[in-house]
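Residue numbers (our numbering): 985 to 1405. For every residue, glycine included, the Cβ atom is placed at its ideal position computed from N, Cα and C. Just so you know, these numbers come straight off a predicted model, no measurement behind them. Data first, discussion second: the structure below is written as structure tokens.
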């Protein structure tokens, strides 16, 4: 069975054998998956059928055969990686960067919002992000309607991708913030996974963070805040308030980080998520200025855990925004801010840690969250790996096959999706 055709690998049993895959260290291996875990990794051709005794609980019943081969997928020509994660998305505003409706503004039906959120999540999944965190605005005329749509989409996506929702209130302080404080707590009761927000948009940013910390403490949940970090004194006060909640605190995009601002982030033990596509997102005040490599170097130089996300998917702030984690890694590496290996770590290992998820390695015992990309090296995958196969919880959940053909080739044997993407 090939990822580019033949039998459909999206429909297979509890056992999956990925054969002939190349790892980043150059080894060519077979990877056997049982249930939602990697059961074994061996040299190419060394792994056979899985004994019945090693099948996951509930996978067999009655008089099943002694072995279960399951599905075998030939990954020759593919690089097998830990799946990336999307640590900073805005699925509720995805695909809203279209021209204004000539009939005038209207109210979006709940079903349409659910459809957009689902489409955004599936778009991200198709690129390889098996776990995603989306920030969701609450308050205003929609109230908690956007969050309800995201939670509905989250339920529908179970088994395909993991979706985390971060509740983002506009105001939290003073009389004007009373509704926001109440709605934030109601959002957490409804099932939001984390407390978010934009303290720099509130008249009292420090008071805003105090309200966030109180809610996160009461509901025992993580905090993930939008911060640009241009005011060093304010940033210092905010990070001091967040420090007691570490390591379950993330801030970003920090695209306007003040000099020595990274020192305060490091002292508070906070994680940072950057947005390489445009530097910022629609939730912060002011236009995006791009992500300076100097900011990234300042953060990594201080040994601050750094993840990278997309931030936008064709919304009003970034109408050409993409949901491809490999694009974020490519931009970090191409701009010289990080090495190729560090850039991929920012969208995979560091992104998962920021989201509170277990680490993934292509090794026995680890979660079967994997991405196969056509290419022979990590650099090649970042520069042009279009064909992809995505595994979530031990199951192939997405496959993208790209075929490149050339016309009028007289004498030259041009490649057609061969060893290079």
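For residue 1354 and residue 1067, the rounded distance between their alpha carbons
In the chain shown, residue 1067 corresponds to position 83, counting from 1. In the chain shown, residue 1354 corresponds to position 370, counting from 1. If you take the alpha carbons of residue 1067 and residue 1354, they lie about 4 Å apart.
In this structure, what does DSSP give as the bridge partners for residue 1017?
Here residue 1017 is taken as the residue at index 33 of the chain shown, counted from 1. Its beta-bridge partners are 1000 and 1022.
What ranges does the beta strand (DSSP E) occupy inside the segment 1126 to 1199, keeping only unbroken runs of at least 3 residues that lie completely in it?
With a minimum length of 3 residues, the unbroken runs of beta strand (DSSP E) contained wholly in the segment 1126 to 1199 fall at 1146 to 1153 and 1178 to 1181.
Measure the CB-CB distance between residue 1366 and residue 1314 and report whether it falls below 8 Å.
Your numbering for residue 1366 matches position 382 in the chain shown. Your numbering for residue 1314 matches position 330 in the chain shown. Against a cut-off of 8 Å, the Cβ pair of residue 1314 and residue 1366 comes out as a contact.
Using C-beta distances below 6 Å, list every residue in its chain close to residue 1310, excluding the 5 sequence neighbours before and after it, in chain order.
Counting from one through the chain shown, the residue named residue 1310 turns up at place 326. Excluding sequence neighbours, residue 1310 sits near 1366.
If you count every other CB in all the chains shown that lies within 10 Å of the CB of residue 1347, and 16 or more means buried, which is it?
The sequence position of residue 1347 within the chain shown is 363, counting from 1. By the Cβ-count criterion, residue 1347 is exposed, with fewer than 16 other Cβ atoms from all chains shown falling within 10 Å of its own Cβ.
Looking at the strands, I want to know which residues DSSP matches up with residue 1027.
Along the chain shown, read from residue 1 onward, the residue named residue 1027 stands at position 43. DSSP lists 1013 as partners of residue 1027.
Residue 1287 and residue 1232 - do their beta-carbons sit closer together than 8 Å?
One-based indexing of the chain shown puts residue 1232 at position 248. One-based indexing of the chain shown puts residue 1287 at position 303. For residue 1232 and residue 1287, no; Cβs fall outside 8 Å.
Return the first residue and the last residue of the alpha helix (DSSP H) that residue 1060 is part of.
The residue given as residue 1060 occupies position 76 in the chain shown. It is not in any alpha helix (DSSP H) - residue 1060 carries neither H nor E in the DSSP assignment.
Own chain partners of residue 1122 with C-beta closer than 6 Å, once the 5 adjacent residues on each side are dropped:
If you number the chain shown from 1, residue 1122 lands on position 138. 1128, 1131, 1151, 1153, 1167 and 1171.
Residue(s) in a DSSP beta bridge with residue 1237:
Counting from one through the chain shown, the residue named residue 1237 turns up at place 253. Residue 1237 pairs with 1211.
Between which two residues does the beta strand (DSSP E) harbouring residue 1071 extend?
Locating residue 1071 in the chain shown gives position 87, where the first residue counts as 1. Run containing residue 1071: 1069 to 1073, per the beta strand (DSSP E) assignment.
Do residue 1268 and residue 1413 count as a contact pair if the criterion is CB distance below 8 Å?
Beyond the ends of the chain as shown, which are 985 and 1405, falls residue 1413; an answer cannot be given.
Reduced DSSP secondary structure (H/G/I, E/B, other) of residue 1116:
Position 132 of the chain shown holds residue 1116. Strand at residue 1116.
With a cut-off of 8 Å on the beta carbons, I'd call residue 1000 and residue 1378 a contact; round off their distance for me.
Residue 1000 sits at position 16 when you count from the first residue of the chain shown. Residue 1378 sits at position 394 when you count from the first residue of the chain shown. About 6 Å separates the beta carbon of residue 1000 from that of residue 1378, a gap short enough to meet the 8 Å contact definition.
Kindly indicate the opening and closing residues of the alpha helix (DSSP H) around residue 1283.
Your numbering for residue 1283 matches position 299 in the chain shown. Residue 1283: member of the alpha helix (DSSP H) spanning 1277 to 1285, first to last residue.
Pull up the DSSP beta-bridge partners for residue 1375, would you.
By 1-based counting over the chain shown, the position of residue 1375 is 391. Residue 1375 is bridged to 1354 and 1380.
Would the beta-carbon of residue 1113 fall within 8 Å of that of residue 1075?
By one-based count along the chain shown, residue 1113 stands at place 129. By one-based count along the chain shown, residue 1075 stands at place 91. Note that the C-beta distance between residue 1113 and residue 1075 is not below 8 Å.
Would you kindly check if the distance between the Cβ of residue 1107 and the Cβ of residue 1307 is under 8 Å?
Here residue 1307 corresponds to residue number 323 of the chain shown, with the count starting at 1. Here residue 1107 corresponds to residue number 123 of the chain shown, with the count starting at 1. Yes, they are a contact pair.
Residue 1255 (DSSP reduced to helix, strand or coil):
Position 271 of the chain shown, counted from the start, is the residue given in the question as residue 1255. In the three-state reduction of the DSSP assignment, residue 1255 falls in the strand class, which pools E and B.
Grouping DSSP H, G and I as helix and E and B as strand, with all else coil, what is residue 1321?
Position 337 of the chain shown, counted from the start, is the residue given in the question as residue 1321. Reduced to three states, the DSSP call for residue 1321 is coil.
Would you kindly report the start and end of the unbroken alpha helix (DSSP H) that includes residue 1104?
For the purposes of this step, residue 1104 is identified with residue 120 of the chain shown, where counting begins at 1. Boundaries of the alpha helix (DSSP H) around residue 1104: 1094 to 1111.
Excluding sequence positions up to five away, which residues of its chain have a Cβ less than 6 Å from the Cβ of residue 1008?
Sequence index remark: in the chain shown, residue 1008 carries index 24 (1-based). Cβ within range, chain order: 1362.
Out of 1220, 1221 and 1192, state which residue places its alpha-carbon closest to the alpha-carbon of residue 1165.
Counting from one through the chain shown, the residue named residue 1165 turns up at place 181. Ranking 1220, 1221 and 1192 by Cα distance to residue 1165 puts 1192 first.
Do you know offhand how far residue 1011's Cα is from residue 1359's?
Stepping through the chain shown from its first residue, residue 1011 is reached at position 27. Stepping through the chain shown from its first residue, residue 1359 is reached at position 375. For residue 1011 and residue 1359, the gap between their C-alpha atoms comes out near 14 Å.
Hey, would you say residue 1214 sits closer than 8 Å to residue 1242, going by beta carbons?
Position 230 of the chain shown, counting from 1, holds the residue named residue 1214. Position 258 of the chain shown, counting from 1, holds the residue named residue 1242. In terms of Cβ geometry, residue 1214 and residue 1242 form a close pair [threshold 8 Å].
Sequence-distant residues of its chain with Cβ nearer than 6 Å to residue 1146 (five each side left out)
Your numbering for residue 1146 matches position 162 in the chain shown. Excluding five sequence positions before and after residue 1146, the CB atoms of its chain that fall closer than 6 Å to its own CB belong to 1115, given in chain order.
Proximal residues to residue 1120 (C-beta, below 7 Å), its chain only, five neighbours per side dropped:
As a working note, residue 1120 is residue 136 in the chain shown. Here the set comprises 1076, 1130, 1131, 1134, 1149, 1150, 1151 and 1152.
Any idea what DSSP makes of residue 1288, helix, strand or coil?
By one-based count along the chain shown, residue 1288 stands at place 304. Residue state for residue 1288 is assigned as coil, using DSSP reduced to three classes.
DSSP three-state assignment for residue 1089, whether helix, strand or coil
The sequence position of residue 1089 within the chain shown is 105, counting from 1. Confidence at residue 1089 is low in this model, with a pLDDT of 47, below 50, so the placement of that residue should be treated as unreliable; the coordinate-derived value is given next. Judged by DSSP in its simplified three-state form, residue 1089 adopts coil rather than helix or strand.
How would you label residue 1230, buried or exposed, when you count the other beta carbons within 10 angstroms and need 16 or more for buried?
Within the chain shown, the letter at position 246 stands for residue 1230. Answer is exposed; the Cβ neighbour count stays below 16.
Cβ-based burial, residue 1255 [other Cβ within 10 Å; buried from 16]:
Translated into positions along the chain shown, residue 1255 becomes position 271. With 16 or more other CB atoms across the displayed protein chains lying within 10 angstroms of its CB, residue 1255 is buried.
What's the gap between the Cα of residue 1047 and the Cα of residue 1018?
On the chain shown, residue 1047 is found 63 positions in, with the first residue counted as 1. On the chain shown, residue 1018 is found 34 positions in, with the first residue counted as 1. With a pLDDT of 38 at residue 1047, under the threshold of 50, the modelled position of that residue is not reliable, and no figure is offered here.
Is the beta carbon of residue 1334 closer than 8 Å to that of residue 1294?
Along the chain shown, one-based indexing puts residue 1294 at 310. Along the chain shown, one-based indexing puts residue 1334 at 350. Cβ distance not < 8 Å, so residue 1294 and residue 1334 don't count as in contact.
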